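Remember, the working numbering sits 4 above the position in the sequence shown when you count from 1.
Don't be surprised by glycine CBs; every beta carbon is placed ideally from N, CA and C.
Computed from a predicted structure; not experimentally measured.
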Amino acid sequence: MQLGLRYCHGRSSIYRQILEHYVDQYGEAPTLASFQQQSPEDIVRWLHTLKGHSATIGATAFSLRARELQQDWHNLDERELNSRWQELSLHMQRIVAEAREYIQLYQAHP
Numbered sequence: 005m006q007l008g009l010r011y012c013h014g015r016s017s018i019y020r021q022i023l024e025h026y027v028d029q030y031g032e033a034p035t036l037a038s039f040q041q042q043s044p045e046d047i048v049r050w051l052h053t054l055k056g057h058s059a060t061i062g063a064t065a066f067s068l069r070a071r072e073l074q075q076d077w078h079n080l081d082e083r084e085l086n087s088r089w090q091e092l093s094l095h096m097q098r099i100v101a102e103a104r105e106y107i108q109l110y111q112a113h114p
């Protein structure tokens with residue numbers, strides 16, 4: 005989270021707003037089954053957006069994972085896709101939990 009705050013030049017109120025948007029956007033990770041109902045292009049676009057937003061908040065390692073899945077999406081078999089999706093979803097849940105914690109701390113001590 006510190007990296008994301010640096011991207012905002014230490015302005016915690018701006019960073020909090022960015023985190024709130026991130027939580028609104030990614031707080032409920034879609035299931036793979038529901039996700040696969042979209043076109044492959046939409047899925048890749050969503051992963052690209054997730055990658056960029058994650059980098060913006062300072063979640064660099066997660067952003068790299070999203071990028072790898074985005075690049076590999078069309079070449080994965082069902083088993084590998086399920087495994088990589090579960091890994092991404094769990095990591096995303098942790099990022100969202102950290103973001104929520106930061107938001108709560110900021111609200112308690114602006």
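Practice problem: With a 10 Å radius around its C-beta and 16 neighbouring C-beta atoms as the bar for buried, classify residue 103 as buried or exposed. | Solution: With 16 or more other Cβ atoms within 10 Å, it is buried.
Self-check item: Inter-residue Cα distance where the pair is residue 50 and residue 90
Solution: Distance between the alpha carbons of residue 50 and residue 90: 16 Å.
Exercise. Below 7 Å CB to CB, which residues in the same chain sit around residue 95 once its five sequence neighbours on both sides are set aside?
Key: Cβ neighbours of residue 95 beyond the five flanking positions: 66, 69.
Quiz item: How about residue 93 and residue 33: are their beta carbons less than 8 Å apart?
Solution: Yes.
Quiz prompt | N- and C-terminal bounds of the alpha helix (DSSP H) containing residue 43 | solution = Where residue 43 is concerned, there is no enclosing alpha helix (DSSP H), given that its DSSP letter is neither H nor E.
Quiz item: Measuring CB to CB, does residue 9 end up less than 8 Å from residue 16?
Solution: It is a contact, given that the beta carbons lie within the stated cut-off.
Exercise. Tell me whether the beta-carbon of residue 100 lies closer than 8 Å to the beta-carbon of residue 31.
Key: Yes, these two residues count as a Cβ contact at 8 Å.
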